[in-house]
Amino acid sequence: SSLDQFPSIFTVTVWIRIFECTNYGRIIDFGNGPSDQNIIISYSLERSCKPYADILAGQTNCRISIQNTKLNLNEWIHLGFVFETNRQKFFINGIEKLNTNSSCSFDPNIKRTLNYIGKSNFDSYSDPNASIDDIKIYN
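Under the working numbering, the first residue of the sequence shown carries the number 296, and numbering increases by one thereafter.
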């Protein structure tokens, strides 16, 4: 698989240093435009600095978010997101912060052509005010 096709099970890890909790500050947004087969990982739900992931795949849209943990500003943080069809996990600095069952799924065979790191497919969302380093995507 390549960056334009995600496997049905994947992990994303990244080091991030946040300077401001921007509106839906993206780490990655891989899709075909706004709300078009997007796989999104963000460090800030709205302006909360609470990380989340969105899978926007037609009828199976879902959001996985950490409601009880706000990321600190101006320090390097290691984030990890694990996606499996019926289970998703978030890690902050190697500590599991969320382990949830949900029926999120998407078609791994859809080719995604607008794939961004540190940018959104949605024009109304702010670019991140953060440093992003050492992003890795595993399958």
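Heads up, the beta-carbon is just placed ideally off N, CA and C, and yes, glycines get one too.
Work out the CA separation of residue j and residue i for me, nearest whole Å.
i	j	result
residue 349	residue 356	7 Å
residue 311	residue 395	23 Å
residue 380	residue 302	10 Å
residue 385	residue 338	11 Å
residue 400	residue 345	22 Å
residue 408	residue 353	17 Å
residue 309	residue 374	5 Å
residue 417	residue 427	19 Å
residue 419	residue 390	32 Å
residue 332	residue 304	16 Å
residue 387	residue 366	9 Å
residue 371	residue 430	13 Å
residue 410	residue 336	12 Å
residue 414	residue 347	15 Å
residue 296	residue 368	At residue 296 the pLDDT is 49, less than 50, meaning the model places this residue with poor confidence and gives no usable figure here.
residue 306	residue 330	21 Å
Closest by CA to residue i, which one among the options?
i	options	result
residue 405	327, 340, 395	327
residue 432	376, 372, 361	376
residue 392	363, 320, 322, 333	363
residue 397	414, 423, 434, 378	378
residue 360	382, 423, 370, 371	382
residue 434	403, 422, 370	403
residue 334	322, 351, 319, 347	351
residue 340	322, 329, 330	322
residue 423	319, 369, 330	319
Just confirm the distance between the C-beta atoms of residue i and residue j, as a whole number of angstroms; I'd bet it's less than 8 Å.
i	j	result
residue 317	residue 358	Not confirmed; about 18 Å, so no contact.
residue 425	residue 314	6 Å
Task: Unbroken stretches of the alpha helix (DSSP H), 4 residues or longer, contained in the region 301–378 - done: Correct list: empty.
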